[in-house]
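Engineer: Can you read through this structure? Questions will come right after.
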Amino acid sequence: MPDSYYIEPVQPVLRRFVEDFRNLVDRERGKPGLLESLRAPVERLLDDPGWIDENFRRPRPGETAAWAVYRSQDPDLCIFTMVVPPGEMTKVHNHLTDGWVGLVQGGQLERKFHRADDGSEPGAARLELVAEDPIALGELTPLSYPHDDIHQVVTTSGEPSVSLHVLCNDLGTVERQTFDPNAGTVSDFVSGYTNVDGGSRIGR
Numbered sequence: 004m005p006d007s008y009y010i011e012p013v014q015p016v017l018r019r020f021v022e023d024f025r026n027l028v029d030r031e032r033g034k035p036g037l038l039e040s041l042r043a044p045v046e047r048l049l050d051d052p053g054w055i056d057e058n059f060r061r062p063r064p065g066e067t068a069a070w071a072v073y074r075s076q077d078p079d080l081c082i083f084t085m086v087v088p089p090g091e092m093t094k095v096h097n098h099l100t101d102g103w104v105g106l107v108q109g110g111q112l113e114r115k116f117h118r119a120d121d122g123s124e125p126g127a128a129r130l131e132l133v134a135e136d137p138i139a140l141g142e143l144t145p146l147s148y149p150h151d152d153i154h155q156v157v158t159t160s161g162e163p164s165v166s167l168h169v170l171c172n173d174l175g176t177v178e179r180q181t182f183d184p185n186a187g188t189v190s191d192f193v194s195g196y197t198n199v200d201g202g203s204r205i206g207r
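Residues in the sequence shown are numbered consecutively from 4, following the working numbering.
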């Protein structure tokens, strides 16, 4: 498919970010440090998040919404908002890629996990909780595969939390995993995008 923009009109700050991303990938493909090089362009994207209109901040009662903003043709870049209702949380999940997440509305708590088993037993996974931190409005948090890309997000505010995800794949189409740390289980899933697939399967 061609590059797809789902937000209309397409804001200049978004087009500039996509151009910056392309330039970085062309210059640094295969080199370490691409994730850190992306930080400054992502910060510029979030300097004034007013370009993210209400259509991409809408909650879905009882579920976590994932509103696609941009998806590249390759596919090596997706940008989407994740909207978690008050008092709700995502499943523990991975991303299988690098990227950045920035909080643009509400409050969140992020729990980060490390997978402690070798994945050899089908359907089983042993996770260790390695961090549990509040996320401040405007704060950027990295996702780094394979060592730091398993987490869970909880909305702590009285309004829905909205985070902008900038990831180096087309996450909504990727078969990845959710985890139940208490039961020690893992399941495959494809999350989808709310405005493309009619729903998202990342909520509890």
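The beta-carbon is built from N, C-alpha and C at its ideal position, and this holds for glycine as well. Keep in mind that this is a model prediction, so the values were computed, not measured.
Verify whether the separation of the beta carbon atoms of residue 169 and residue 103 is less than 9 Å.
Structural biologist: Here residue 169 corresponds to residue number 166 of the sequence shown, with the count starting at 1. Here residue 103 corresponds to residue number 100 of the sequence shown, with the count starting at 1. Contact flag set, yes.
Engineer: In three-state terms, what does DSSP make of residue 89?
Structural biologist: Sequence index remark: in the sequence shown, residue 89 carries index 86 (1-based). Residue state, collapsed to three classes: coil.
Engineer: Pull up the CB-CB distance for residue 147 and residue 101, whole angstroms please, since I reckon it's below 8 Å.
Structural biologist: The sequence position of residue 147 within the sequence shown is 144, counting from 1. The sequence position of residue 101 within the sequence shown is 98, counting from 1. Their Cβ separation, rounded to whole angstroms, is 6 Å, which keeps residue 147 and residue 101 in contact under 8 Å.
Engineer: Whole beta strand (DSSP E) runs in the region 115-192 with 3 or more residues, listed along the chain?
Structural biologist: Segments of the beta strand (DSSP E) lying fully in the region 115-192: 130-138, 143-146, 153-158, 164-170, 179-183, 188-192.
Engineer: Which whole-angstrom value describes the C-beta separation of residue 69 and residue 205, a residue pair presumed to lie in contact below a C-beta threshold of 8 Å?
Structural biologist: Along the sequence shown, read from residue 1 onward, the residue named residue 69 stands at position 66. Along the sequence shown, read from residue 1 onward, the residue named residue 205 stands at position 202. About 6 Å separates the beta carbon of residue 69 from that of residue 205, a gap short enough to meet the 8 Å contact definition.
Engineer: With which residues is residue 106 paired in a DSSP beta bridge?
Structural biologist: The residue given as residue 106 occupies position 103 in the sequence shown. 166.
Engineer: What did DSSP end up calling residue 7 once you bin it into helix, strand or coil?
Structural biologist: For this step, residue 7 is matched to residue 4 along the sequence shown. DSSP places residue 7 in strand when its eight states are reduced to three.
Engineer: Does the region 39-47 come within contact of the region 184-191, defined as at least 3 CB pairs closer than 8 Å?
Structural biologist: no
Engineer: Which residue's Cα is closest to the Cα of residue 55: 62, 84, 63?
Structural biologist: In the sequence shown, counting from the first residue as 1, residue 55 sits at position 52. Residue 55 has its Cα closest to that of 84, out of 62, 84, 63.
Engineer: Could you give the DSSP three-state label for residue 63: helix, strand or coil?
Structural biologist: The residue you call residue 63 lines up with position 60 of the sequence shown. In this structure, residue 63 counts as strand in the three-state DSSP scheme.
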